[in-house]
Amino acid sequence: MSPSLNVISNPKATFRVAFFFGPLLQVLAVVLALVLSAQGVSAQTWRVGVQAVLDGDTLILDGGERLRLRGIDAPEISRGDKPGQHYGSQSRDRLFSLVSGQILDLEEKELGRDRHGRLVGIARLADGRMVNLIMIEEGAAFVYPHPSDKDRALTGRLLAAQNAAMEQGKGFWPAILSGPVAKAGYVGTKSSKRFHTLPCTQGRKVGVSNRVYFSSLREAFAAGYAPARECTPWPVQSGR
Numbered sequence: 002m003s004p005s006l007n008v009i010s011n012p013k014a015t016f017r018v019a020f021f022f023g024p025l026l027q028v029l030a031v032v033l034a035l036v037l038s039a040q041g042v043s044a045q046t047w048r049v050g051v052q053a054v055l056d057g058d059t060l061i062l063d064g065g066e067r068l069r070l071r072g073i074d075a076p077e078i079s080r081g082d083k084p085g086q087h088y089g090s091q092s093r094d095r096l097f098s099l100v101s102g103q104i105l106d107l108e109e110k111e112l113g114r115d116r117h118g119r120l121v122g123i124a125r126l127a128d129g130r131m132v133n134l135i136m137i138e139e140g141a142a143f144v145y146p147h148p149s150d151k152d153r154a155l156t157g158r159l160l161a162a163q164n165a166a167m168e169q170g171k172g173f174w175p176a177i178l179s180g181p182v183a184k185a186g187y188v189g190t191k192s193s194k195r196f197h198t199l200p201c202t203q204g205r206k207v208g209v210s211n212r213v214y215f216s217s218l219r220e221a222f223a224a225g226y227a228p229a230r231e232c233t234p235w236p237v238q239s240g241r
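Going by our numbering, the residue at position 148 of the sequence shown is 149; the numbering climbs one at a time, nothing skipped.
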């Protein structure tokens with residue numbers, strides 16, 4: 002049985018628990034380490050199943066915890082009356098096919114929580130392959146380096162895979178890079194790594210020193226920027 006992912010939480014709360022229950026927790030930690038060692042699993046690695054796949058970048062783990070895959074973003078799927086984005090359903094389906102029935106390895110050092118309290122991290126399959134990277138390699142997701150994520154090595158690896166996927170025409174890239182807006186200009190926000198269409202009101206609000214201009218969608222994606230939620234050039238899903 003895997004330890005609870007709730008340990009990835011508020012350090013002050015963890016200290017208070019450790020102060021009152023320190024001796025007991027130490028004993029339990031030793032027992033847990035021995036059990037995990039017998040199973041061939043590091044005490045800093047969680048092995049957990051998947052309960053559901055919400056979209057191409059978010060899972061619900063066994064126990065109900067949501068996991069947002071670090072460093073990537075995926076096209077939105079339809080919700081209620083809001084239409085989905087192009088390839089949103091395919092992206093979700095691909096993630097489902099990767100993780101359904103699988104036990105994922107989550108390393109403590111690669112997990113964290115964003116400002117909304119959501120668990121964010123890297124998920125690996127039993128064979129060691131990184132789920133985040135596979136989604137990028139297959140053109141089922143794009144790079145989104147969250148400003149709070151300081152893992153530049155991961156971002157660089159994902160971006161190299163994305164540029165290769167664009168060059169090879171994987172997944173959604175042929176449709177995205179050949180559409181009518183592919184050759185338009187875009188303005189990016191350096192601090193958030195998001196880009197907007199030039200006429201977008203939100204894009205015009207970006208401070209001069211925080212702006213970067215791109216001559217095409219390919220140039221913006223190749224630089225590691227992701228489309229903003231407002232005024233996105235991403236087409237609407239059709240046929241599903």
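Glycine included, every Cβ here is placed at the ideal spot set by N, Cα and C. Small disclaimer: the values here were computed from a predicted structure and weren't measured.
Please work out which residues of its chain come closer than 7 Å, Cβ to Cβ, to residue i, disregarding the five sequence neighbours upstream and downstream, and give them in chain order.
i, result
"Ser58", "Here residue 58 is Asp; the residue named in the question, Ser, does not match the sequence. Hits under 7 Å: Arg69, Leu70, Ile73, Asp74, Ala75 and Ala142."
"Asn164", "Ala223"
"Ser97", "A quick correction: the sequence has Phe, not Ser, at residue 97. Around Phe97: Val54."
"Ile135", "Leu99"
"Asn211", "Thr190, Lys191 and Ser192"
"Arg230", "none"
"Gly180", "Pro236"
Below 6 Å CB to CB, which residues in the same chain sit around residue i once its five sequence neighbours on both sides are set aside?
i, result
"Arg95", "Ala141"
"Leu155", "Gly72"
"Arg219", "Leu178"
"Val100", "Val51"
"Lys171", "Glu139 and Gly140"
"Val144", "Leu159, Leu160, Gln163 and Gly225"
"Gly1", "No answer is possible for residue 1: it lies beyond the span of the chain, which begins at 2 and ends at 241."
"Lys151", "none"
"Cys232", "His197, Thr198 and Cys201"
Sort out for me which residues DSSP pairs residue i with in a bridge.
i, result
"Thr46", "Glu108"
"His197", "Val188"
"Asp56", "Thr59"
"Arg80", "Lys83"
"Arg69", "Thr59 and Val121"
"Val182", "DSSP output for Val182 lists no bridge partner at all."
"Val51", "Leu62"
Using C-beta distances below 8 Å, list every residue in its chain close to residue i, excluding the 5 sequence neighbours before and after it, in chain order.
i, result
"Arg85", "For the sequence presented, residue 85 should be read as Gly rather than Arg. The residues are Pro76, Glu77, Ile78, Ser79, Val237, Gln238 and Arg241."
"Phe173", "Pro76, His87, Tyr88, Gln91, Ser92, Gly140 and Ala141"
"Ala53", "Leu60 and Ile61"
"Gln103", "Gly50, Val51, Leu126 and Ala127"
"Lys110", "Gln45"
"Asp63", "Val49, Gly50, Val51 and Gln52"
"Ala185", "Thr198, Leu199, Ser217, Leu218 and Pro234"
"Ala176", "His87, Tyr88 and Pro236"
"Tyr214", "Gly186, Tyr187, Val188 and Gly189"
Answer with buried or exposed for residue i, where buried requires no fewer than 16 other C-beta atoms within 10 angstroms of its C-beta.
i, result
"Met199", "Looking at the sequence provided, one finds Leu at residue 199 rather than Met. It is exposed - the Cβ of Leu199 has fewer than 16 other Cβ atoms within 10 Å."
"Pro228", "buried"
"His117", "exposed"
"Gln169", "exposed"
"Thr202", "exposed"
"Pro146", "buried"
"Ala1", "Lying before the first or after the last residue shown, residue 1 is absent from the chain, which here runs from 2 to 241."
"Asp56", "buried"
"Tyr187", "buried"
"Asp115", "exposed"
"Phe22", "Low local confidence applies: a pLDDT of 49 at Phe22 is under 50, so the model's placement there is unreliable, with the coordinate-based value given in what follows. Phe22 comes out exposed."
"Asp106", "buried"
"Val32", "Confidence in Val32 is poor, its pLDDT being 44 and thus under 50, which makes the residue's placement too unreliable to answer from."
"Pro234", "buried"
Q | Given 8 Å, three or more beta-carbon pairs between the segment 205-212 and the segment 125-141 | A | no
Q: Say whether the segment 222-230 touches the segment 183-195, bearing in mind that this needs 3 or more beta-carbon pairs closer than 8 Å, one atom from each stretch.
A: The answer is yes - the segment 183-195 touches the segment 222-230, with three or more Cβ pairs under 8 Å.
Q. Can you list the beta strand (DSSP E) stretches of 3 or more residues lying completely in the segment 212-236, in chain order?
A. 212-215
Q.
To test your reading of the DSSP string, which unbroken beta strand (DSSP E) runs of 3 or more residues are found completely within the segment 91-166?
A. 104-108, 112-114 and 120-122
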